[in-house]
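A.B. asks: Structure below; questions to follow.
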Amino acid sequence: MTTTSPPRTDEKSTGTATTKRPAEPERFALLGVWALLIIVFSLLVPDTFPTTANVSNMLGSQAVLLILALGLIIPLRTGDLDLSIASTLNLAAVVVAVLNVNKGWNIWAAVLAAIVAALLVGIVNGLIVTVFEIDPLIVTLGTGTVVQGLIYLISSSVTITGVDRTLSEVMLTQPFLSIPLDFYYAVALCVVIWYVFDHTAVGQRLLFAGQSRDVARLNGVNVPGLRLGALTASAGIAGVAGVVYTGTTASADPVSGAAFLLPAFAACFLGSTVLRIGRFNPWGTLIAVYFLVTGITGLQLMGAQQYVQQLFYGGALVIAVVMSKVVKSRGERRRRAEVRDAPA
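At position 155 of the sequence shown (counting the first as 1) the number is 138 in this note's numbering, and the numbers step up by one without a gap.
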């Protein structure tokens, strides 16, 4: 069965060739809008928005979302949607709390067990998708629901507090430049994924497989292996996000993960409209995460109600997909024109 592929605007080429980038204004449009938002909110709420405390809070508070979204772009790069990431994050958070608080495990042993549990979710997703050739949208929706049920079971449907403060100290204490350390962990992950995507053969094969699986297979690319690896990596990184979440809150709520699903997808698709248009890329995702939090924070400081957050994330996701489609159509027209005007 053909899997659901997100919109892409890359020129299809070989697995090692780089694609032609779109015009400069298109690549940096979101950065311009982001800068405009910062200026507008700084003028409208000058006492609270452009402050060190607010900037530090915005950067640190979104580290979990950024880590989760960075994991999500890996299967998206191969054309696979992973709807189980939020439940996987939640599973890791709850496993840490249950093992450390209820079972008395050492905090780092609990962290290791949580990441292993998350990886197992990804392996199950990948095996079902690749062995049985089932649409990952359906598979991950189902596994995410199963995982959520397991979360209720092992947590007894209650919030678990009292997680060893050692984990929180690693995440929150001794901030650098007044910014919590978890932000820097997320940026470090961004650098790693950027390097893999842009400077390794694996990254090029992921892109090639996402552009055309049949062509990739004919060129000797192990497409099932790449898809399995991508879904496993996504789940593993979701597990890391869950550990960071537990560290920042010193607790685990059995329903907290659901709040990350829509923002993560919104950030990924919006990020694909900046810097490398049509490609899910880590730096675009980082920009998108903080563009979204800038808008939401500014509106809330102006007195907007809590529901504005869902409206903002949902609207951003729809707009991002539409923008990707528009740019894709424009790119196709440009390529046809180049072919038509090329000398015989």
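No residue lacks a Cβ here, since even glycine has one placed at the ideal position from N, Cα and C.
1. Would you kindly work out how many angstroms separate the C-alpha atoms of F11 and R259, rounded to a whole number?
2. At what residue ranges does the segment 136 to 222 contain a whole run of the alpha helix (DSSP H), taking only runs of 4 or more?
3. Does the beta-carbon distance from F263 to L48 come in below 8 Å?
4. For S234, which beta-bridge partners are listed by DSSP?
5. The alpha helix (DSSP H) with L282 in it runs from where to where?
6. Starting from N37, trace the alpha helix (DSSP H) in both directions and tell me its first and last residue.
7. Could you check whether the segment 208 to 227 touches the segment 98 to 115, counting it as contact only if at least three pairs of C-beta atoms, one from each stretch, sit closer than 8 Å?
8. Report all residues from its chain with a CB closer than 7 Å to the CB of S234; omit the five preceding and five following residues, and keep chain order.
9. Under the rule that 16 or more other beta-carbon atoms within 10 Å means buried, what is S140, buried or exposed?
10. So the candidates are V129, A287, S138, T215; which of them puts its Cα closest to the Cα of K86?
11. For the alpha helix (DSSP H) holding A100, just list the boundary residues, first then last.
12. Kindly list the residues whose CB is nearer than 6 Å to the CB of G193, restricted to its own chain and excluding five residues on each side of it in sequence; keep chain order.
13. State yes or no: is the C-beta of L284 within less than 8 Å of the C-beta of V28?
14. Take every Cβ of the segment 119 to 137, pair it with every Cβ of the segment 62 to 76, and state whether three or more of those distances are shorter than 8 Å.
15. Within the continuous alpha helix (DSSP H) that includes V78, where are the two ends?
16. From G254 to F295, what does the alpha carbon distance come to, in whole angstroms?
17. Considering only the beta carbon of each residue, do A250 and Y168 sit closer than 8 Å?
18. Would you report the Cα separation of A75 and S217, rounded to the nearest angstrom?
19. Is any non-hydrogen atom of the ligand COA found closer than 7 Å to the C-beta of G278, if you look at the structure I gave you?
20. Inspect the CB distances between the segment 183 to 197 and the segment 29 to 36 and report whether three or more fall short of 8 Å.
21. Measuring alpha carbon to alpha carbon, tell me which of I21, G230, L211, A36 ends up nearest L160.
22. Do T256 and M154 come within 8 Å of each other at the CB atom, strictly closer than that value?
23. Taking all protein chains shown into account, do 16 or more other C-beta atoms lie within 10 angstroms of the C-beta of G281, making it buried, or fewer, making it exposed?
24. Taking the alpha helix (DSSP H) that S239 belongs to, which residues open and close that run?
25. Could you check how far apart the C-beta atoms of L300 and L211 are, in whole angstroms? I think they sit under 8 Å.
26. State buried or exposed for L164, treating a residue as buried only when at least 16 other CB atoms are found within 10 Å of its CB.
27. Can you tell me which of the three DSSP states Y290 falls into?
28. Based on Cα-Cα distance, which residue from I106, G15, G132, G105 lies nearest to P237?
29. Would you mind stating whether N73 and G240 have Cβ atoms separated by less than 8 Å?
30. Buried or exposed: which applies to K308, given that a residue is buried once 16 or more other Cβ atoms fall within 10 Å of its Cβ?
31. To the nearest whole angstrom, what separates the beta carbons of A287 and L51, a pair I think is in contact under 8 Å?
32. Which one of G125, P265, G267, I279 has the shortest CA to CA distance from Q292?
33. Going by DSSP in three states, R259 sits in which element: helix, strand or coil?
C.D. replies: Answer, in terms of the structure:
1. 9 Å
2. 148 to 155, 164 to 182, 184 to 194, 196 to 201
3. no
4. T144
5. Note, L282: alpha helix (DSSP H), 265 to 284.
6. 35 to 44
7. yes
8. A80, T142, I143, T144, V146
9. exposed
10. Taking each of V129, A287, S138, T215 in turn and checking the Cα distance to K86, the smallest one comes out for S138.
11. 90 to 114
12. Excluding residues within five positions, the ones whose Cβ falls inside 6 Å are R60, T61, G62.
13. Contact flag set, yes.
14. yes
15. 68 to 80
16. Cα to Cα, the separation comes out at about 15 Å.
17. no
18. 13 Å
19. The ligand COA is not among the ligands present in this structure, which contains no ligands whatsoever.
20. no
21. Looking at I21, G230, L211, A36, the one whose alpha-carbon comes closest to that of L160 is A36.
22. no
23. buried
24. Counting along the chain, S239 falls outside any alpha helix (DSSP H), and DSSP gives it neither H nor E.
25. The pair is not a contact, with the Cβ atoms about 27 Å apart (cut-off 8 Å).
26. buried
27. coil
28. G132
29. yes
30. exposed
31. Contact flag wrong, Cβ pair sits at about 24 Å.
32. I279
33. coil
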